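Protein chains in written order, with the numbering used here: chain A, 1 to 120; chain B, 1001 to 1285.
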């Protein structure tokens, strides 16, 4: 039953790979993990996730679960990173963008965001 | 399909169950349009038991009483009233040959828009209301309007469509060719496109009722009933311009307004709103 849908998803994904991130052309000092997570042209994590421990995480979306007490749930940081790199491995139907797989963020940016989220 | 449960525990289990039930909603690639519509209605009404189907025409407003009451007071004195007056004038002004738009349509153009888009077997194409307007213009010796032009086609339809206010959406999908146009629209709706890997369904099925940052997301059912919309006094947006706007937001290349892809998508979209009342030219944020 689910195969039809997954096929459509995969096809769409492949088409998406060729896109260029227009926003990544910025210059100046590199952003911190937190800045990258907040930046709507980068991680834009607040579009979907609340960060209850961050007082400046204003008007977060509700599409994803709050990011809180991450170390209690992701004892292995590599698994946290893998979730951000491609959440579709764990949940093919997820609405969360595959930040690494689709090259929305660079590997280095994902490392920084992982460190930040790990500390939440 | 198996879902791995991670040490995220209950939340992930819930996510897995949601994903599994979503799969039931969206996987039926060979479902009839009636089944598609019913599956979505079942999905939404299970998720939002307190919102009756007829409120879906209000989109995201149905989830936010404050925004809804703001909307009601704006609609009492719409800031786009002048534009609507000009639109009426466009509709009423005769062509150079003396004929009018009203002469091209049954009932002088009243209570017709719920039948659009329809599938035309002869041309094997989806025909939108805008295409019928252009056919009327051309038949009367006038040049066609550009489909994406808010100041001509968009403005004219802000009045023309309002002549069908209250009519129930009544889209038919009969025969293999019509079905395949519908299926193409459906496929576009569920396809992950753009760098972010979103589909329209990510936000308007899975995300409906949730917030994307501060924006409440509307469910797909009801989305086709109230076009064009005004965002402010004279920023007029047609349904297909909104498709293009959301495509840009998901960093996907938008299709041409009035082209086959969006026409098929509009056909699928409009079918899903069957049975809901039309109301042209409403306010949106």
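Beta carbons: idealized from backbone N, C-alpha and C, even for Gly. Nothing here was measured: the structure is a model prediction, and the numbers come from that model.
Per DSSP, reduced to three states, the secondary structure at residue 1216(B) is strand. Inclusion of residue 1145(B) and residue 1152(B) in the CB contact set at 8 Å is warranted, their separation being smaller than that value. For the C-beta of residue 1206(B), the chain A residues within less than 7 Å are, from N- to C-terminus, 95. Residue 1078(B) carries a coil assignment under DSSP once its states are collapsed to helix, strand and coil. For a Cβ distance threshold of 8 Å, nothing in chain A lies close to residue 1086(B): the least Cβ distance comes to about 37 Å. Sixteen is the threshold: since fewer than 16 other Cβ atoms of the shown chains lie within 10 Å of the Cβ of residue 1214(B), the residue is exposed.
Nearest C-alpha to residue 1031(B) among 1268(B), 1209(B), 1082(B) and 1123(B): 1268(B). Burial is judged here by how many other beta carbons sit within 10 angstroms of a residue's own beta carbon; residue 107(A) has fewer than 16 and is exposed.
Going by beta carbons, residue 1232(B) and residue 1217(B) fall outside the 8 Å limit. Cα atoms of residue 1156(B) and residue 1139(B): separation of roughly 17 Å, rounded to the nearest angstrom.
Contact of residue 51(A) with chain B is not assigned, every C-beta pair being separated by 8 Å or more.
If you ignore the 5 residues before and after residue 1111(B), its C-beta comes within less than 7 Å of the C-beta of 1164 and 1167, all in its own chain and listed in chain order. Contact annotation: the segment 1091-1100 of chain B does not touch the segment 1048-1065 of chain B, with fewer than three C-beta pairs closer than 8 Å. Only residues of its own chain outside the window of five on either side were considered, and among them 118 have a CB closer than 7 Å to the CB of residue 71(A), listed in chain order. If you draw a straight line from the Cα of residue 1239(B) to the Cα of residue 1085(B), it comes to about 21 Å.
Taking all protein chains shown into account, residue 1076(B) has fewer than 16 neighbouring C-beta atoms within 10 Å of its C-beta and is therefore exposed.
For chain B, the residues of the segment 57-82 of chain A that bring a beta carbon within less than 8 Å of one of its beta carbons are 59, 60, 61, 62, 63, 65, 73, 74, 75 and 79, in chain order. Within the same chain, 1112, 1132 and 1136 come within 8 Å of residue 1105(B) by CB-CB distance, once the 5 residues on both sides are set aside.
For residue 105(A), the nearest beta carbon of chain B is not closer than 8 Å to its own beta carbon. The three-state reading of DSSP puts residue 1211(B) in strand, counting E and B together. In this model, residue 55(A) and residue 120(A) are separated by some 12 Å (Cα to Cα). Residue 1197(B) belongs to the set of residues whose beta carbon lies under 8 Å from a beta carbon in chain A.
Here DSSP, grouped into helix, strand and coil, assigns residue 116(A) to helix. Shown here, residue 87(A) sits in coil according to DSSP, grouped into three states, outside any helix or strand. Collapsing the DSSP output to three states places residue 1125(B) in a strand. The alpha-carbon separation between residue 82(A) and residue 67(A) amounts to approximately 15 Å.
Distance between residue 1266(B) and residue 1241(B), taken at the CA atoms: about 11 Å. Taking a contact to require three or more Cβ pairs closer than 8 Å, the segment 1256-1264 of chain B and the segment 1117-1128 of chain B qualify as touching. The continuous stretches of alpha helix (DSSP H) do not include residue 1118(B), which lies in the beta strand (DSSP E) extending over residues 1118-1120.
In terms of beta-carbon proximity, residue 1213(B) lines the interface with chain A, with at least one pair separated by less than 8 Å.
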